Amino acid sequence: CTSIVAEDPAGKLYHARNLDFGLFMGWDFKNHTWVITEALRPMIMNIEFQMKGQVVYKAVTYAGFIGAITGMIPGVLTMSMNERFNLDGGYLGIIEWLLGDHNGKWMSFLTRDVLMYSTSYQQAKETLSKDELLAPGYYILGGNSSGQGCVITRSREKSLDIWELNPGKGVWYLLETNYDHWKAPLFVDDRRTPGMRCMNQTTQQNVGFAGIFNVLSTKPVLNKLTTYTALMQVNAGKLETYKQHCDDPCWPW
Amino acid sequence: THRLGPPQKEECVTGKYPPPQTAEYQVPKYVVNLDLPAADRWTHIVKERAKSIVNLLQKFKDFVKALDAKLAEKIFDYVDHNLGNLTNTLPQPYADEIKGIAKATEIPLGEVLLYNIFYEIFTV
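Residue numbers (the numbering used here), protein chains in the order written: chain S, 827 to 1079; chain C, 947 to 1070.
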């Protein structure tokens, strides 16, 4: 996965992500595709969660999957979640849950809770930083005003780091893949360097749906695992999702 | 480590937005009514999409079978007959939403649950 939260020169925030899933779960040698990725692509859908006919929040999901991995509260915040691979992973959380320890939160249910109940960026940031989780992960959060953007690196127990936008000091975007931002990515899976190179080439002046979509459509940020690209602008309450395809030659991840 | 990474030959692409207005790229929109009981919220969506959910789960079963057929049989026997019980321990309204999906699609509860906890399973 690759998530980007970026701010234009006027202080308007954009949040976008590529959802990559299906690594090592069956390679189709004939079509050069991942089996699970291909099965997921037709299931992508935008959901508007409504109460009394009013939109409460929006999310992107797959048919039958109730959690939210990408979502927004129009006018308030945007959010995405990236996997963080760790030996102290979610399977341990599930075992603990089975053994009766129900203190941890299920990742994609917590994001639904945040989208349902948060009234501000700060409140969401606090919840995503402090609640105990069943699995490690990265929460990428955007607010509705200048400087409100961060990447929360989570272990199952606590927040390890909060990396924040700082447009005053030239940090006008944050780009998170599946590695801790203070460490180098795995050398065979470096989507961060090309992604940042393309964001820098785009420049802050051209931040917007088109500019960010181009970055997320550049290989290997776009790869054989990519199912969709979602684009969000919080103030306008806009959420656009597009199925993605990576034609050969294309990186498998 | 950065320098050891594979060289990127691709240029940063331009002009990709907006993608074509075709089914290949466009994503449908649905409404989930939170005023409905949790068990009924997803029914209109999953009934329409049951085949694709079954297809996904079948692909996953095939993948596990290809690794070890006997182990796969044991795993999915457990999933179909025991894992569903875990739903009762999940927080609400998510437990009822998952049960509602299983009922509407007639997919075993354990399999619907397995699909919904993919994230926790695959973070290793």
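Backbone N, C-alpha and C define an ideal beta-carbon position, used for all residues, glycine too. As the structure is a prediction and not an experimental result, all values here were calculated from the model.
Roughly how many angstroms lie between the CA atoms of residue i and residue j, to the nearest whole one?
| i | j | result |
| --- | --- | --- |
| Leu1000/S | Ile1038/S | 12 angstroms |
| Asn1062/C | Thr863/S | 16 angstroms |
| Leu1013/C | Ala832/S | 42 angstroms |
| Leu1029/C | Pro1054/C | 10 angstroms |
| Leu1032/C | Leu1012/S | 35 angstroms |
| Leu845/S | Gly963/S | 14 angstroms |
| Phe911/S | Ser934/S | 16 angstroms |
| Gly930/S | Glu1066/C | 12 angstroms |
| Phe855/S | Leu982/C | 45 angstroms |
| Leu1002/C | His1007/S | 33 angstroms |
| Asn1026/S | Leu959/S | 34 angstroms |
| Met905/S | Gly852/S | 30 angstroms |
| Lys975/C | Glu1057/C | 25 angstroms |
| Lys1011/C | Ser998/C | 20 angstroms |
| Gln972/C | Leu925/S | 43 angstroms |
| Tyr888/S | Ala1015/C | 28 angstroms |
| Ala894/S | Arg938/S | 6 angstroms |
| His841/S | Val1033/S | 10 angstroms |
| Ala1036/S | Val1060/S | 16 angstroms |
| Leu967/S | Cys827/S | 15 angstroms |
| Lys956/S | Asn1040/S | 34 angstroms |
| Tyr1024/C | Thr1067/S | 36 angstroms |
| Tyr1040/C | Ala984/C | 7 angstroms |
| Thr1051/C | Asp1074/S | 36 angstroms |
| Gly916/S | Asn1004/S | 15 angstroms |
| Gly951/C | Leu1042/S | With a pLDDT of 44 at Gly951/C, under the threshold of 50, the predicted position of this residue should be treated as unreliable, and no value is reported. |
| Ile892/S | Val886/S | 10 angstroms |
| Met942/S | Val882/S | 7 angstroms |
| Ile899/S | Trp988/C | 20 angstroms |
| Lys1009/S | Leu849/S | 22 angstroms |
Taking 6 angstroms as the line, does the beta carbon of residue i fall inside it for any heavy atom of the ligand MG?
| i | result |
| --- | --- |
| Trp998/S | Absence of the ligand MG from the depicted structure is noted, as is the absence of any ligand whatsoever, leaving it without description. |
Which of helix, strand or coil does DSSP assign to residue i?
| i | result |
| --- | --- |
| Glu990/S | strand |
| Leu1057/S | strand |
| Phe875/S | strand |
| Met851/S | coil |
| Arg910/S | coil |
| Thr1051/C | helix |
| Val861/S | helix |
| Glu1002/S | strand |
| Lys774/S | Residue numbering for chain S in the displayed model covers 827 to 1079; residue 774/S lies beyond these limits and cannot be assessed. |
| Gln1070/S | coil |
| Gln1030/S | helix |
| Glu956/C | coil |
| Thr1069/C | coil |
| Val1041/S | helix |
| Leu821/S | This structure leaves residue 821/S out entirely; chain S is present only between 827 and 1079. |
| His948/C | Caution applies to His948/C, whose pLDDT of 40 falls short of 50 and renders its modelled position unreliable; the model cannot decide the point. |
| Leu903/S | strand |
| Leu866/S | helix |
| Val1047/S | coil |
| Leu1012/S | coil |
When burial is assigned at 16 or more other CB atoms within 10 Å of the CB, is residue i buried or exposed?
| i | result |
| --- | --- |
| Leu1065/S | buried |
| Phe847/S | buried |
| Glu952/S | exposed |
| Leu1016/S | For clarity, residue 1016/S is Asp in the given sequence; the question names Leu instead. With 16 or more Cβ atoms within 10 Å of its Cβ, Asp1016/S is classed as buried. |
| Val940/S | buried |
| Lys1045/C | buried |
| Met907/S | buried |
| Thr1055/S | buried |
| Gln948/S | exposed |
| Gln1070/S | buried |
| Leu1017/C | exposed |
| Gly994/S | exposed |
| Leu1051/S | buried |
| Gly879/S | exposed |
| Leu913/S | exposed |
| Gln1038/C | exposed |
| Gly890/S | buried |
| Asn1049/S | buried |
Give me the DSSP bridge partner(s) of residue i.
| i | result |
| --- | --- |
| Ser955/S | None, per the DSSP bridge assignment. |
| Asn844/S | Thr828/S, Thr1055/S |
| Val886/S | Asn872/S, Thr896/S |
| Ser971/S | Answer is none; Ser971/S lacks a bridge partner. |
| Gly963/S | Glu909/S, Arg980/S |
| Val997/S | Asn992/S |
| Glu833/S | Leu839/S |
| Val1058/C | According to DSSP, Val1058/C bridges with nothing at all. |
| Gln1038/C | DSSP lists no partner for Gln1038/C. |
Curious, which full-length beta strand (DSSP E) runs of at least 3 residues does the stretch 970-1026 of chain C contain?
975-979
Please go through the stretch 912-955 of chain S and give each complete alpha helix (DSSP H) segment of 4 or more residues, from N-terminal end onward.
916-924, 933-943
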